[in-house]
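Heads up, the thing below is written out as structure tokens.
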Amino acid sequence: MMKFWNKKKHEIKKIQTQLNDQEQASQKVADKYNQRPKKWMYNGGIALLVVAAVVYAFISSEISIRDVDFATQFYYLWRGFTHPNTDFLFDMSKGGVPYLTLETIAIAFSGTFLAAILAIPFGFLTAKNVVGKHWSKLGEVLLIIIRTFPEIVLALVLIRVIGMGATTGALTIGIHSIGMLAKLYAEAIENMDQGPIEALDAVGANVWQKIRYGILPQVIPDFLSVALYRFDINVRSATILGMVSAGGLGAPLIFASQAWNWSQMSSVLIAIVIMVITVDFISSKLRQKLV
Amino acid sequence: MLAAKTITLPSGKTVKQPFNKIIIPAAIAIAVFIVCSWVVLQNKGTLKLYEIGTIFKQLFSPTDYPAMNIHHTWGDYFGYLFSLEIREALGETLRMSFIGSIIGSVLCLPFAILCSQNIVKTKWIYVPMRFIINLVRTMPTMVMAVIAVSLIGMGALAGIIATSIFTFGIMTKMLYECIEALDMGPYEALQSCGANKTQAFFYSVFPQLLPTYLGYFIYNFEINVRTSIVLGYVGAGGLGVILQANMDSIYTRSRVGAILIMMFLLVLLMQAFTRYVRGKLQ
């Protein structure tokens, strides 16, 4: 009998210790969980800051709505947009939408072409592996200045020099695009594989041969795809440049908007939408072929 | 140039140099460029190269017109740089782009979900949705601002509408592409545990999405600051308004230069800020 009880006692003790272990383990987990990095204060503080910024921005910007009859205004907008000015839309003369669309695309293309060529020396002079770290910093600062000078202001400056017209628009885009293109060119050059150049060195090629057979074949696909991407952007900005009379679709758009001529505006907008979608489609197809 | 060159090797073998395929697209590009530049050159003004120095001098030095008895000093120039007018315009630009980014990036959430192929599996929902988003994205922000200004009048509200529509379009596209690239394992696991679609979305997709979403928001904020600087040119509030007001007269052109300097500083600060925040997010 005693033996039996002893055995039972032993078993109970074993179970108790097991339970104790489990408890200790779960206590350990709980302790560790309580010791987790307390990020809620940090996150909550940032969230509070953002909310405060939103509230402050909404309150402090004195949003005023002009005293207008919105129903009629929207009715005019809707009627104008559903009845585009077809005479203007299909006018084949130089003042019509088709010619202006062509002019816009021409501004964007010639500007991008110029920039794509002009950006090559800038790209090489900004690449770290070509000129070294310090000179590359200088090039970067120059490119940032080019990029931040707003396109419209550049166009306004160039208008004084070259006069109004599409040529100004093309040159504006040509100069402004250098900023972004050269930066991306420099990145492409920095990511270049050094192997082929070393190999050319080993077989005794001179500098020009190294550039022709070692560097150009590697970077040209990247350069082209970057330039095509910039062409997409430039088609959009070429429409804007017309607003400061630098050629293209922007001029009729801003005149129509100032005269509240919604039907004329809608015919310009139709042209912009079709043009941008077509250009996007073609350039994305070309870029897929490149990569 | 087009004829293939043959080279005789020392061993007596002849090798033909392969035809360089880049010549064809290069020729097409040059031809298109010639046509385009012909079209562009149809519409040109008179060239006045001497103006270039004059205009930069007018922009970046204080106005000095003895004939009009206007003698400004560098003190005036730098005084205008930090004047109340510019500070207010800077604040308005920042607020406009911030509110626009907030509205656009909140609105884009439901649309991004509706556009993503792996959450909405019905084709006739996500295909038309994507078409609408693409349509929204074709409009440049400036054109949006022109429409908004002629609809609701000049002021910051027009700029806010334009930037929020732009942010909406670009954020929706970036987000649905991000959602489609997500790991959908946790989502399916939660659904198999009995969670409904909303619960599964909030506990599996949302935590994965949040850092990317915040990063995109910051990126968009930076773009919006850049664009809303010039939105004022058509009357949509911000720095562009005083830029446009001072651009026409030669007597106030030094102010334009000062505004340009402030624009440059603002963009640089924004770049540094976004770089810092993006570093924190990763």
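Protein chains in written order, with our numbering: chain A, 637 to 927; chain B, -14 to 267. In this text, a Cβ means the ideal position worked out from N, Cα and C, and glycines have one as well.
Which residues in chain B have a C-beta closer than 9 angstroms to the C-beta of Gly810/A? List them in chain order.
Within 9 angstroms of the CB of Gly810/A, no CB atom of chain B is found; the nearest one sits about 11 angstroms away.
DSSP three-state assignment for Asp49/B, whether helix, strand or coil
The answer is strand: DSSP assigns Asp49/B an E or B state.
Tell me the rounded alpha-carbon separation between Glu162/B and Tyr198/B.
12 angstroms
For Lys1/B, the first and last residue of its enclosing beta strand (DSSP E):
Thr(-1) to Lys1
Same chain, Cβ closer than 7 angstroms to Arg211/B, five either side skipped, listed in chain order:
Hits under 7 angstroms: Val252.
Provide the residue span of the beta strand (DSSP E) that contains Ile851/A, from first to last.
Ile851/A -> no beta strand (DSSP E), and no H or E assigned at all.
Assess contact between the segment 874 to 882 of chain A and the segment -2 to 9 of chain B, defined as three or more Cβ pairs (one per stretch) separated by less than 8 angstroms. Is contact present?
no
Sequence-distant residues of its chain with Cβ nearer than 7 angstroms to Leu792/A (five each side left out)
Val880
Can you tell me which residues form a DSSP beta bridge with His56/B?
Asp49/B
With C-beta atoms as the reference, is Ile55/B less than 8 angstroms away from Tyr236/B?
yes
Does Gly799/A come within less than 8 angstroms of chain D when only Cβ atoms are used?
In the structure shown, chain D cannot be found, because the protein chains are A and B.
Roughly how many angstroms separate the alpha carbons of Asn642/A and Glu659/A, rounded to a whole number?
Distance between the alpha carbons of Asn642/A and Glu659/A: 25 angstroms.
Could you check the C-alpha separation between Thr(-1)/B and Pro786/A for me, to the nearest Å?
57 angstroms
Distance check for Arg122/B and Leu794/A, CA to CA, integer angstroms please.
Between Leu794/A and Arg122/B, the alpha-carbon positions lie close to 29 angstroms from each other.
Cys21/B: contacting residues in chain A (beta-carbon distance under 7 angstroms)
Ala742, Phe745 and Ser746
DSSP three-state label for Ile271/B, please.
With chain B covering only -14 through 267, there is no way to say anything about residue 271/B.
Closer than 9 angstroms, Cβ to any Cβ of chain A: which residues of the segment 21 to 39 of chain B, in chain order?
Cys21, Ser22, Trp23, Val24, Val25, Leu26, Gln27, Asn28, Lys29, Gly30, Thr31, Leu32, Lys33, Leu34, Tyr35, Glu36, Ile37 and Thr39
With distances taken between CB atoms, is the gap from Leu713/A to Leu136/B smaller than 8 angstroms?
yes
Below 8 angstroms between beta carbons: does that hold for Ala818/A and Phe758/A?
Yes, Cβ-Cβ distance for Ala818/A and Phe758/A is below 8 angstroms.
Across which residues does DSSP place Ile(-8)/B in a beta bridge pair?
Val0/B
Determine the contact status of Asn721/A and Ser903/A, defining contact as a CB-CB distance below 8 angstroms.
The criterion of a C-beta distance shorter than 8 angstroms is satisfied by Asn721/A and Ser903/A.
Residues of the segment 191 to 215 of chain B in Cβ contact with chain A at a cutoff of 7 angstroms, in chain order, please.
Ile214 and Val215
Using the three-state DSSP reduction, which class does His719/A fall into: helix, strand or coil?
coil
For Ala12/B, name the three-state secondary structure that DSSP assigns.
Ala12/B: helix per DSSP, three-state reduction.
First and last residue of the alpha helix (DSSP H) that includes Pro196/B?
Phe191 to Leu216
Inspect the beta-carbon positions of Ile104/B and Ile150/B and report whether they are closer than 8 angstroms.
no
Three-state class that DSSP yields for Gly884/A in the structure shown:
coil
Looking at the C-beta of Arg872/A, does it have a partner C-beta in chain B at a distance below 8 angstroms?
yes
Determine the DSSP secondary structure at Leu32/B, reduced to helix, strand or coil.
coil
Between the segment 127 to 146 of chain B and chain A, which residues of the former have a C-beta closer than 9 angstroms to a C-beta of the latter?
Met127, Val128, Val131, Ile132, Val134, Ser135, Leu136, Ile137, Gly138, Met139, Gly140, Ala141, Leu142 and Ile145
Express the C-alpha separation of Asp723/A and Asn897/A in angstroms, rounding to a whole number.
14 angstroms
Three or more C-beta pairs under 8 angstroms: does that hold for the segment 795 to 806 of chain A against the segment 740 to 751 of chain A?
yes
Do Phe83/B and Ala693/A have their beta-carbon atoms positioned less than 8 angstroms apart in this structure?
yes
Would you call Phe187/B buried or exposed, if buried means 16 or more other Cβ atoms sit within 10 Å of its Cβ?
exposed
Which of helix, strand or coil DSSP assigns to Gln894/A:
Note: Gln894/A maps to helix in three-state DSSP.
Mind checking the segment 113 to 125 of chain B against chain A and listing, in chain order, the residues whose C-beta falls within less than 9 angstroms of any C-beta there?
Within the segment 113 to 125 of chain B, those residues whose Cβ lies closer than 9 angstroms to any Cβ of chain A are, in chain order, Asn119, Leu120, Arg122, Thr123, Met124 and Pro125.
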